[in-house]
Structures are given as structure tokens and as C-alpha cells.
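Structure first, then comments.
2 protein chains.
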Amino acid sequence: MQDLLFGFISKYISLTEDEKKAILSLDIFRSVKKGTTLLKEGQKSKDSFFVLKGCIRTYYVLDSEEKTTAFYTEMEALTPPCVISKTPSEYYISCIEDSILTVSNSDMELEINSKFPKFETMCRMLSEELLAKQQIDFDEFKTSSPEQRYLNLLQKRPDLIQRVPQHQLASYLGIKPQSLSRLRARILEKKS
Amino acid sequence: MQDLLFGFISKYISLTEDEKKAILSLDIFRSVKKGTTLLKEGQKSKDSFFVLKGCIRTYYVLDSEEKTTAFYTEMEALTPPCVISKTPSEYYISCIEDSILTVSNSDMELEINSKFPKFETMCRMLSEELLAKQQIDFDEFKTSSPEQRYLNLLQKRPDLIQRVPQHQLASYLGIKPQSLSRLRARILEKKS
DNA sequence: CGTGTTTCTTAACTTAAGTGAACGAGTTGT
DNA sequence: ACAACTCGTTCACTTAAGTTAAGAAACACG
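So the sequence lines, in the order shown, correspond to chains E and U.
Reading the first sequence from the start, the letters are residues 30 to 221 in this note's numbering.
Reading the second sequence from the start, the letters are residues 30 to 221 in this note's numbering.
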């Protein structure tokens with residue numbers, strides 16, 4: 030499991046054995062059961078997550094309805110906005126499969142960053158990269174219809190469609206579950 | 030104009046006079062006329078922008094139609110995804126008002142970052158902050174209807190509605206100009 | 001000035017998403 | 001084994017956005 034993490038890090042910086050040991054000594058690996066809530070609305074938290082195996086989702090509860098806004102799967106990192114803004118969280122994070130994560134809090138990161146400047150470089154590169162990626166995702170979302178978004182998802186993250194319940198997928202696509210059903214039926218008809 | 034930039038930077042790190050001089054010596058201030066195209070689709074670029082005065086927009090051309098996805102106004106920074114991914118740009122950037130910008134390229138940043146580690150810290154903080162902000166914007170977009178998005182914009186960035194043409198606003202909201210007109214008429218009716 | 005262009009609005013019609021309700025399949029719990 | 005629940009689908013109906021076209025208002029420019 031550690032090798033997965035170090036393999037990921039090696040795409041940005043190279044670590045010495047001592048540095049690897051320092052990271053391991055932080056004891057950040059966690060095994061989490063399906064259904065576990067990692068963060069609740071209104072809660073303050075300093076924890077960031079990195080998914081080694083499994084899948085977690087973020088969702089809001091608006092008008093007593095769940096609105097799923099993101100899924101994080103293998104090799105994806107999530108720092109909730111509340112960690113950055115130091116305000117209570119506006120959303121929930123929960124685990125939709127038995128998962129293995131790393132959980133690190135911002136105090137730890139501050140310490141590591143000042144001890145190993147390399148690490149801060151990685152954090153900068155990572156967040157710049159994620160920012161650029163998210164910008165493109167946002168642009169694609171804005172410029173396409175629900176049907177196009179679904180077809181797009183089918184191409185880019187076909188695994189999600191298998192492992193995630195339809196009603197969560199629907200709100201991720203910005204529509205109601207009934208509309209997703211209909212839309213899929215429509216697509217099947219066109220193919221034939 | 031410099032003071033605007035240094036005031037912005039001071040929210041993240043404090044600069045000595047020498048460091049300020051080093052930044053000024055880079056000669057990054059640019060005055061840009063309304064209508065100027067700063068980046069074209071297919072073009073490779075290393076330039077990042079920071080708006081001191083005025084307004085720039087990013088847009089795609091899909092099916093020979095402009096799709097505006099973002100506006101950047103006073104004290105907002107933009108690093109195009111193509112700068113990070115080092116691939117040709119998928120979108121255009123153009124200036125919708127006479128503006129004053131700073132234009133910095135990634136080589137300059139690399140140099141400054143290694144000379145002043147402080148600066149890299151600021152870049153990390155900035156991109157983490159922007160990432161968190163954009164996550165929230167994206168979530169709001171996904172979880173609301175075009176009408177809610179418009180009302181939301183009216184509250185959060187009322188200036189945009191004044192300074193930006195309707196058809197650009199419409200595609201920013203993910204709808205057609207005709208729908209925006211209708212939607213506005215609907216809202217006015219409700220108020221009365 | 002007026003001519004042409006861009007920008008915004010309005011209208012009629014089409015298409016797709018929202019809503020509320022009902023149904024069957026699969027799960028969970030007792 | 002049965003009741004309660006969740007989940008996905010379907011249907012009929014409502015509402016809003018897309019499309020096409022036309023016209024008014026503002027602006028740019030020779």
C-alpha cells in the first residue's frame with residue numbers, strides 16, 4: 030500500500046529513504062468501511078484525504094435532499110474547502126466502498142513542508158495541476174447538456190457508472206434520477 | 030499600480046524592499062486594449078495573468094459558437110490549463126475592457142520560486158485557495174438551476190451583469206441568450 | 001447623418017428536464 | 001417467511017430551456 034503512495038509522489042519529486050521513513054512515521058494509512066462518514070456538514074476539520082483503494086463521495090444536503098458533487102477514486106486527493114478556509118464544512122464526505130485512504134491534517138503538512146521544502150514544491154505542483162484539471166471539468170460541464178455529460182462520463186470514467194448508485198450519479202450530472210433513467214433509455218434507442 | 034500588486038501579495042507573504050525590486054525588474058505590467066486576444070486555441074503559451082484593472086474572459090469555440098466559461102476581474106489571477114499541461118490551448122482568452130494586467134511566464138516563476146522560497150509558498154497557498162473556491166463554485170453550479178445561478182450571480186458579482194454583454198453572460202450561466210432574456214423577464218414579473 | 005452591425009428582446013414551436021405517483025426487483029431486519 | 005425499505009424504471013403531466021425567426025435599440029463607422 031505504501032508503494033502506491035510513494036509511486037504517486039515520485040511523479041512530482043524524488044524521496045530519499047529517510048524522507049520516506051519520516052512520512053511513514055506519521056501513521057496516515059486508514060482502512061475505512063463502506064458507509065462511514067468522514068466529514069459532516071457544520072463540522073470543522075483539518076483533514077485531507079488521498080484514496081489508495083476504494084471510493085469516497087462529497088455531497089450537500091439541500092432541502093433535505095442529497096446533492097452529490099464529486100467522487101474520488103484510486104490515486105485521487107481531496108482537501109475539503111473548509112480546511113483551506115478554516116470554516117465549518119458545508120458538505121458531507123462519505124465512503125461508498127470499503128476503502129484504504131491516507132488521512133493527513135494541515136498541521137502535519139505545515140510541519141513537513143517546513144522540514145522538507147521539496148514537499149511544498151509537490152503540494153504546489155499538485156494543487157496547480159488539480160486546479161487546471163478542475164477548470165477543464167467545470168468548462169466541460171458548463172458547455173454540455175446532461176446527455177453529453179453522461180456520454181462523456183461513460184468515456185472518461187466508465188468505472189463510476191458501475192460502482193456508484195444511479196441516484197448519486199444523477200445528481201453528479203446535475204439532474205434527477207428519473208431524468209437519468211430516461212436519458213439512458215433514449216441513448217439505447219438511438220444506438221439500435 | 031504596483032501597490033495594488035504588492036497589497037495583494039501581502040495577504041500571503043511579506044516582501045522586503047529588495048524582493049519588491051526584484052519583482053519590478055521583471056517588467057510584468059501590461060496595458061491591454063479592449064478586444065485584444067491574449068491566447069488563441071491551439072497556441073502554446075507559458076503566460077499567466079493577474080488583473081489589476083479591467084476584465085478578461087476565457088471562451089471556447091464549439092460548433093463555431095463561442096462558449097464563455099469564465100471572467101476575471103480586479104485582483105483575480107488566471108493560469109491557463111495549457112501552461113500547466115504544456116499542451117496547446119483549448120480555449121481563447123480575450124480582453125473585454127481596456128485593462129491593466131501583469132503577465133508572467135512559467136520560466137520566470139520557476140526562477141523566482143527557487144530564488145525566493147517564500148514565493149513558492151505564496152503560489153501554493155494561492156492555488157490551494159483558488160482550488161477550494163472553484164470547487165465551491167462548481168458545486169453551486171451543479172446543484173442549482175439557471176435561474177438560481179443568475180440570482181446567485183446577481184448577489185455575488187453584480188458588477189459582471191453591468192459590464193459584460195448578455196450573450197457572454199448567458200453562456201457563462203450555461204444557457205442561450207434567449208433563455209437569459211426570458212428568465213430575467215420571469216424574475217421581474219415575480220417581483221411585481 | 002444614415003447604413004450596417006451587434007445586442008437584446010419577443011414570440012411560436014420543439015425538446016428535454018422536473019414533478020408526483022406507481023410498480024417491480026432486490027435488500028434488510030425481525 | 002414476511003414486512004419495510006431502497007433502488008431503478010416508467011408514465012402522465014408541468015415547466016423551462018433550445019430553436020428558429022423577426023423586430024427594436026444601441027453602437028460603430030464611413
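For each residue, glycine too, the CB sits at the ideal point set by N, CA and C.
- Task: Please check if any C-beta of chain E sits within less than 8 Å of the C-beta of residue 144 (chain U).
- Result: no
- Simplified DSSP state of residue 118 (chain E), which is helix, strand or coil: coil
- Based on Cα-Cα distance, which residue from E:129, E:186, E:90, E:157 lies nearest to residue 114 (chain U)? E:157
- Could you work out which residues of chain U lie near residue 79 (chain E), taking near to mean beta carbons separated by less than 7 Å? Ordered by position in chain U, no residue passes the 7 Å Cβ test against residue 79 (chain E), which lies about 15 Å from the chain.
- Looking at the structure shown, is residue 40 (chain E) part of a helix, part of a strand, or coil, going by DSSP? Under the three-state reduction of DSSP output, residue 40 (chain E) falls in the coil class, being neither helix nor strand.
- Query: Using the C-alpha atoms, what's the distance from residue 50 (chain U) back to residue 183 (chain E)?
  - Reply: 52 Å
- Going by alpha carbons, who is nearest to residue 136 (chain U) out of U:74, U:200, U:214, U:69? U:74
- Look at the Cβ atom of residue 172 (chain E), then the Cβ atom of residue 131 (chain U), and state whether they are nearer than 8 Å. no
- Item | For residue 183 (chain E): DSSP bridge partner residues | In DSSP, residue 183 (chain E) forms no bridge with anything.
- If we call anything under 8 Å between Cβ atoms a contact, is residue 4 (chain E) one with residue 60 (chain E)? The shown model of chain E, from 30 to 221, leaves out residue 4 (chain E), and the question about it has no answer.
- Query: In the DSSP assignment, what residue or residues form a beta bridge with residue 204 (chain E)?
  - Reply: Partner(s): none; residue 204 (chain E) has no beta bridge.
- Item | Extent of the continuous beta strand (DSSP E) to which residue 76 (chain E) belongs | 76-82
- Task: Identify the continuous beta strand (DSSP E) that holds residue 60 (chain E) and give its terminal residues.
- Result: 58-61 is the extent of the beta strand (DSSP E) around residue 60 (chain E).
- Message: Applying the 10 Å Cβ sphere with the 16-neighbour rule, what's the burial state of residue 161 (chain E)?
- Response: buried
- Would you mind stating whether residue 124 (chain E) and residue 192 (chain E) have Cβ atoms separated by less than 8 Å? Pairing residue 124 (chain E) with residue 192 (chain E) gives a Cβ-Cβ distance that is not under 8 Å.
- Message: Give me the subset of the stretch 143-169 of chain E whose CB atoms are less than 8 Å from a CB atom of chain U, sorted by chain position.
- Response: 146, 149, 150, 152, 153, 156, 157, 158, 159, 160, 161, 162, 163, 164, 165, 166, 167, 168
- Quickly, what does DSSP pair residue 132 (chain E) with across the bridge? List them, please. E:78
- List, in order along the chain, the chain U residues whose C-beta lies closer than 7 Å to that of residue 113 (chain E)? 157, 158, 161
- Spell out whether any CB of chain E is found under 8 Å from the CB atom of residue 171 (chain U). yes
- Query: chain U beta carbons: is any one of them nearer than 8 Å to that of residue 45 (chain E)?
  - Reply: False, the Cβ-Cβ gap to chain U never drops below 8 Å.
- Task: Check the Cβ-Cβ distances between residue 89 (chain E) and every residue of chain U, and say whether any is below 8 Å.
- Result: yes
- Please classify residue 216 (chain E): does DSSP put it in a helix, a strand, or coil? helix
- Would residue 70 (chain U) pass as a contact of residue 118 (chain U) if the rule is Cβ separation under 8 Å? Going by C-beta atoms, residue 70 (chain U) is nearer than 8 Å to residue 118 (chain U).
- Taking residue 176 (chain E) as the reference, which of E:168, E:208, E:188, E:72 has the closest Cα? E:208
- Task: Determine the direct distance from the alpha carbon of residue 55 (chain U) to that of residue 40 (chain U), and round the result to whole angstroms.
- Result: Those two C-alpha atoms are separated by around 21 Å.
- Where the stretch 83-107 of chain U meets chain E: residues whose CB sits under 7 Å from a CB there: 89, 91, 96, 98
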